[in-house]
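The structure appears right after this line, and notes come after that.
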Amino acid sequence: AKVKRVSITTAALAAVWAVMLLWGSDMENLDPPSIMASGNTFVLLVVGLTFGIAFAAAFGPPPDKEVAR
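Read in order, the letters of the sequence shown are residues 37 to 105 in this note's numbering.
Next comes the structure, spelled out in structure tokens:
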């Protein structure tokens with residue numbers, strides 16, 4: 037169950053990251069350095085969030101389950 041949850045979370049984050057990366061590469065086609073710098077910062081932020089959330093999903097506590105009495 038834990039492996040399935042981690043796999044689904046990682047796949048979803050990878051899909052979101054791919055979309056954001058494509059959007060960021062479109063921004064980099066513009067010339068002003070400030071726009072390019074903000075695009076690079078955005079990509080680094082998304083990469084950091086992706087790995088952080090995947091790590092938390094892999095090694096964090098499992099979701100609470102109600103105990104049947």
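All C-beta atoms, glycine included, are put in the ideal place defined by N, C-alpha and C.
Check: Can you check whether the CB of V42 is closer than 7 angstroms to the CB of A92?
Finding: What you label residue 92 is simply residue 56 of the sequence shown in a count that begins at 1. What you label residue 42 is simply residue 6 of the sequence shown in a count that begins at 1. The answer is no: Cβ separation not under 7 angstroms.
Check: So what does DSSP say about G88, is it helix, strand or coil?
Finding: Against the sequence shown, residue 88 aligns to sequence position 52. Here G88 sits in helix by DSSP.
Check: Are the CB atoms of L49 and I89 nearer to each other than 7 angstroms?
Finding: Within the sequence shown, the letter at position 13 stands for residue 49. Within the sequence shown, the letter at position 53 stands for residue 89. A contact, by the Cβ cut-off of 7 angstroms.
Item checked: Between the CA atoms of I44 and F95 - distance to the nearest angstrom -> To locate residue 95, count along the sequence shown from 1; it is residue 59. To locate residue 44, count along the sequence shown from 1; it is residue 8. So the two alpha carbons sit approximately 14 angstroms from each other.
Notebook entry, point to check: Is V82 buried or exposed, if buried means 16 or more other CB atoms sit within 10 Å of its CB?
Noted result: Taking the first residue of the sequence shown as position 1, residue 82 is located at position 46. With 16 or more Cβ atoms within 10 Å of its Cβ, V82 is classed as buried.
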